[in-house]
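Heads up: take any position in the sequence shown, counting from 1, add 29, and you land on my numbering.
Ideal placement from N, C-alpha and C gives every residue a C-beta, glycine not left out.
Here the structure is a predicted model, which is why all the values come from computation and not from measurement.
Single-structure report; data block below.
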Amino acid sequence: MNNYVLINIPKRSLKKLGRKIVLDQMQNFDNLSKYQIIDKYLYLTSIKRILKREYNLNDAELCDTNKELIYQKIKNILPKENKKKTFAINVERKGEHKFTSTELARELAGSVFDIYPDIRVDLDKPNLIVHIKVLSNKCLIYTEQG
């Protein structure tokens with residue numbers, strides 16, 4: 030399965046856009062897909078790859094708030110070829126959790142170092158940003174090229 034997220038869309042437009050993308054994928058590409066609205070994000074899952082540029086999608090994963098699971102999911106969404114020299118992890122939380130955003134970012138940075146041992150952390154102008162949105166009992170993870 031291929032997972033994506035659409036960000037920076039007004040919340041009132043998410044349902045309409047989700048339906049449009051799913052219908053377009055079925056009619057034009059014979060690609061079964063579904064969407065979920067998670068807070069202010071449109072999360073898409075499809076059988077075949079979707080052209081990310083056409084819809085301005087980012088690779089994404091959805092999981093529970095288990096740190097070990099998040100660590101593995103980050104590895105799944107990192108680009109296979111790394112041309113990036115720097116990265117940052119951006120954590121946002123909603124709800125009560127046993128960890129702070131800074132603690133979680135620090136612990137999860139190791140997943141990026143596991144895949145790219147020569148990459149450096151740059152919090153000001155990173156080439157690659159790993160976003161982690163902890164929304165109550167769910168965690169949405171996606172990457173963004175800086």
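### Message
If you reduce the DSSP assignment to three classes, tell me which class residue 60 lands in.
### Response
Note: residue 60 maps to coil in three-state DSSP.
### Query
From residue 158 to residue 59, what distance separates their C-alpha atoms?
In a straight line, the C-alpha of residue 158 is about 32 Å away from that of residue 59.
### Task
Please confirm if the stretch 44 to 54 is in contact with the stretch 68 to 85, defined as three or more CB-CB distances below 8 Å between the two stretches.
Contact between the stretch 44 to 54 and the stretch 68 to 85 is present, because at least three Cβ pairs lie under 8 Å.
### Task
List the DSSP bridge partners of residue 119.
160
### Query
Thinking C-beta only, is residue 70 closer than 7 Å to residue 120?
no
### Length-filtered (4 minimum) alpha helix (DSSP H) runs lying within the stretch 80 to 147
81 to 84, 96 to 106, 130 to 144
### Query
Taking the Cβ atom as the reference point for each residue, do residue 7 and residue 37 lie within a distance shorter than 7 Å?
An answer regarding residue 7 cannot be provided, because it is not within the stretch 30 to 175 covered by the chain.
### Query
What residues are listed by DSSP as bridge partners for residue 167?
Partner(s): 93, 164.
### Task
Measure from the alpha carbon of residue 39 to the alpha carbon of each residue in 31, 30, 57, 67, then state which is nearest.
67
#### Entry: Assumed close pair residue 114, residue 156 - CB separation to whole angstroms, cut-off 8 Å
6 Å
### Task
Could you have a look at residue 50 and say whether DSSP puts it in helix, strand or coil?
helix
### Query
Hey, how far is the Cα of residue 165 from the Cα of residue 65?
Rounded to whole angstroms, residue 165 to residue 65 spans 16 Å at the Cα level.
### Query
residue 66 bridges to which residues according to DSSP?
Residue pairing of residue 66 in beta bridges, as defined by DSSP: 71.
### Query
For residue 142, does the count of other Cβ atoms within 10 angstroms reach 16, so buried, or fall short, so exposed?
exposed
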